[in-house]
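In the UniProt record's numbering, the protein residues as written are 1 to 483.
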Amino acid sequence: MGTEVASPPRTYRVRTYGCQMNVHDSERLSGLLEAAGYAAAPEGQDADVVVLNTCAVRENADNRLYGNLGHLRPVKDAHPGMQIAVGGCLAQKDRGEIVKRAPWVDVVFGTHNVGSLPTLLERARHNAEAQVEIAEALEVFPSTLPAKRDSAYAGWVSISVGCNNTCTFCIVPALRGREKDRRPGEVLAEVQALVDQGVLEVTLLGQNVNAYGVEFRDRGAFADLLRATGRIEGLERVRFTSPHPREFTDDVIEAMAETPAVCHQLHMPLQSGSDDVLRRMRRGYRQDRYLGIIDRVRAAMPDAAITTDVIVGFPGETEADFEQTLEVVRQARFASAFTFQYSKRPGTPAAEMDGQLPKEVVQERYLRLTALQDEISLAENRAQVGRTVELLAAAGEGSKDARTGRMSGRARDGRLVHFAGGAGVRPGDVVETVVTAAAPHHLVADGPLLSHRRTRAGDAHEAGTRPTTPGVLLGMPRVGAPV
Numbered sequence: 001m002g003t004e005v006a007s008p009p010r011t012y013r014v015r016t017y018g019c020q021m022n023v024h025d026s027e028r029l030s031g032l033l034e035a036a037g038y039a040a041a042p043e044g045q046d047a048d049v050v051v052l053n054t055c056a057v058r059e060n061a062d063n064r065l066y067g068n069l070g071h072l073r074p075v076k077d078a079h080p081g082m083q084i085a086v087g088g089c090l091a092q093k094d095r096g097e098i099v100k101r102a103p104w105v106d107v108v109f110g111t112h113n114v115g116s117l118p119t120l121l122e123r124a125r126h127n128a129e130a131q132v133e134i135a136e137a138l139e140v141f142p143s144t145l146p147a148k149r150d151s152a153y154a155g156w157v158s159i160s161v162g163c164n165n166t167c168t169f170c171i172v173p174a175l176r177g178r179e180k181d182r183r184p185g186e187v188l189a190e191v192q193a194l195v196d197q198g199v200l201e202v203t204l205l206g207q208n209v210n211a212y213g214v215e216f217r218d219r220g221a222f223a224d225l226l227r228a229t230g231r232i233e234g235l236e237r238v239r240f241t242s243p244h245p246r247e248f249t250d251d252v253i254e255a256m257a258e259t260p261a262v263c264h265q266l267h268m269p270l271q272s273g274s275d276d277v278l279r280r281m282r283r284g285y286r287q288d289r290y291l292g293i294i295d296r297v298r299a300a301m302p303d304a305a306i307t308t309d310v311i312v313g314f315p316g317e318t319e320a321d322f323e324q325t326l327e328v329v330r331q332a333r334f335a336s337a338f339t340f341q342y343s344k345r346p347g348t349p350a351a352e353m354d355g356q357l358p359k360e361v362v363q364e365r366y367l368r369l370t371a372l373q374d375e376i377s378l379a380e381n382r383a384q385v386g387r388t389v390e391l392l393a394a395a396g397e398g399s400k401d402a403r404t405g406r407m408s409g410r411a412r413d414g415r416l417v418h419f420a421g422g423a424g425v426r427p428g429d430v431v432e433t434v435v436t437a438a439a440p441h442h443l444v445a446d447g448p449l450l451s452h453r454r455t456r457a458g459d460a461h462e463a464g465t466r467p468t469t470p471g472v473l474l475g476m477p478r479v480g481a482p483v
């Protein structure tokens, strides 16, 4: 009798566009596919399954998706059996329109049914026709699904999904749904599982982390969760994103200041410094409340690095409104800012507002804002020169590392530092060094290391292993299983 030779597993590749939520969702997608019997495609080789995890926030998101799908069409034509799946926020928005515009797509799934991907791929192969399945509400909390983590040393942990806010420029609540919170015990169990595998840093993730607890009616839940996470032995750094000024409370500031593992880094979205624009954005706070938060954070943590988001050119924004934004930026002295030119998103109230500004006006204001923020960032970074910083060495953070011979890592306050690595430093190891130079968007530390601590995370990175969280696979077929 001859022996059967097992066919090699089908391979996959996930391409991610957009925010941290999408990055974390992609870890879930990779975990789901591997649990179903797929294997990650080696670099430089075409995958049997390509998953595009999309974003709908930016103006050109649609063009980017269909452009990428166009590039994939000849690849698929030359690769019999290849499948293309589209998920994420743009899939939730465009639904069956994606298959109409790109008939070579096999699967479309939304933000609420990430766990359906393996089933939909098998169904599409079996039926030889595209499968479009968009759920209107969350089927299971994503963290009950398996995940293959990208990093050996830092991990995302979702504490909530969705958002109950109604910001007039934002399409996310329509695509991610109303807020759903995880129980604190589930969050802490996932953090513990990551720490048990050597992870040193965890970022708690939600569209609005300060609203955490709304489902179980505990207004102090997020501060309590920060403290409890920080008590987990072996976890050295705790970060979170994104908070919201409307719900941000002093108990969170106290938890940050009093919990040694919680990093003194805060991303606090401003969006605009004008009270009138904030009202029309439906942000729920005004300039004085925002600056009050900044003052209280700095009083409790003088070394805190505060970053922000700002939108320029919101409908109806006057020159006086914009000057108010510049004034808040001057007063707040952000370490850095993510600045955006307003772009219409169909389906949002702001897209229908009067007073849409000419592109050239928005561009001119944008350049003034970025010039001011770069000046402030450079001054704030120059104040770091001569200071000793603890860095978690990272992979892929410095685009010029190979040319300069440096490594890169994040300080506890989140600043990016390019440093002279020395022999034996691996991503995931912890080093101390002295800052020797500054630029607006990074620091440099070219002196000898003051210390180097080898870690389990560094061992795992060197060995090529990554943390996994198993989740619960219910009814998920493996490749080749009957549908």
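Heads up, the beta-carbon is just placed ideally off N, CA and C, and yes, glycines get one too.
- Every alpha helix (DSSP H) stretch that sits fully inside the region 268 to 342 and reaches 4 residues is listed by chain position as 275 to 281, 287 to 300 and 319 to 332.
- The Cβ atoms of A445 and T433 lie closer than 8 Å to each other.
- Shown here, T370 sits in a helix according to DSSP, grouped into three states.
- Collapsing the DSSP output to three states places S451 in a strand.
- If you draw a 10 Å sphere on the C-beta of G220, you find fewer than 16 other C-beta atoms in it, and that means exposed.
- Distance from the CA atom of S242 to the CA atom of P80, rounded to whole angstroms, is 43 Å.
- The secondary-structure analysis by DSSP pairs A154 across a beta bridge with E201.
- Contact holds between the region 314 to 323 and the region 258 to 278, because three or more Cβ pairs, one in each stretch, are under 8 Å apart.
- Put simply, the backbone Cα of D413 is about 11 Å away from that of H267.
- A direct Cα-to-Cα measurement between F338 and F169 gives close to 16 Å.
- In the DSSP annotation of this structure, the continuous segment of the alpha helix (DSSP H) that includes L120 starts and ends at L117 to N127.
- Here A255 has A223, L226 and R227 as same chain residues with Cβ atoms under 6 Å from its own Cβ, once five neighbours each way along the sequence are excluded.
- If you look at Y12, you'll find it isn't in any alpha helix (DSSP H); it sits in the beta strand (DSSP E) that goes T11 to T16.
- Residue range D250 to E258 is occupied by the alpha helix (DSSP H) that includes I253.
- The straight-line gap separating the alpha-carbon atoms of R239 and V362 is approximately 33 Å.
- Rounded to whole angstroms, E215 and E360 show a C-alpha spacing of 44 Å.
- Boundaries of the alpha helix (DSSP H) harbouring G31: Q20 to A35, taken from the DSSP string.
- Under DSSP, A411 shares a beta bridge with L391.
- Rounded to whole angstroms, V99 and V172 show a C-alpha spacing of 22 Å.
- When the beta-carbon positions are compared, A402 and V425 stay at least 8 Å from each other.
- Looking at the DSSP output, F240 bridges to L204.
- When the five nearest sequence neighbours on each side are left out, the beta carbons in the same chain lying within less than 8 Å of the beta carbon of Y212 are those of I159, S160, D181, G206, A221, F222 and L225, in order along the chain.
- A straight-line Cα-Cα distance of about 13 Å links I294 and V252.
- With a beta-carbon spacing of about 13 Å, Y366 and V329 fall beyond the 8 Å limit used to define contacts.
- If you check the CB distance, M353 and C167 do not come in under 8 Å.
- Where G87 is concerned, the enclosing beta strand (DSSP E) starts and stops at Q83 to G88.
- With a cut-off of 8 Å on Cβ pairs, the region 283 to 298 is not in contact with the region 437 to 444, counting fewer than three such pairs.
- Annotated three-state conformation of Q192 is helix, per DSSP.
- Contact between V107 and Q83 is confirmed by a C-beta separation of about 7 Å, below the 8 Å threshold.
- Per DSSP, the continuous alpha helix (DSSP H) segment holding V99 begins and ends at E97 to R101.
- The C-beta distance from V199 to T229 rounds to 12 Å, too long to fall under 8 Å, and the pair is not in contact.
- Per DSSP, the unbroken beta strand (DSSP E) holding A437 starts and ends at A437 to A439.
- By the C-beta density criterion, P245 is buried, having at least 16 other C-beta atoms within 10 angstroms.
- If you draw a 10 Å sphere on the C-beta of H126, you find fewer than 16 other C-beta atoms in it, and that means exposed.
- Proximity to R15 across V310, L65, L32 and G421 peaks at L65, based on C-alpha coordinates.
- Taking a C-beta distance under 8 Å as the contact criterion, A85 and L32 do not qualify as a contact pair.
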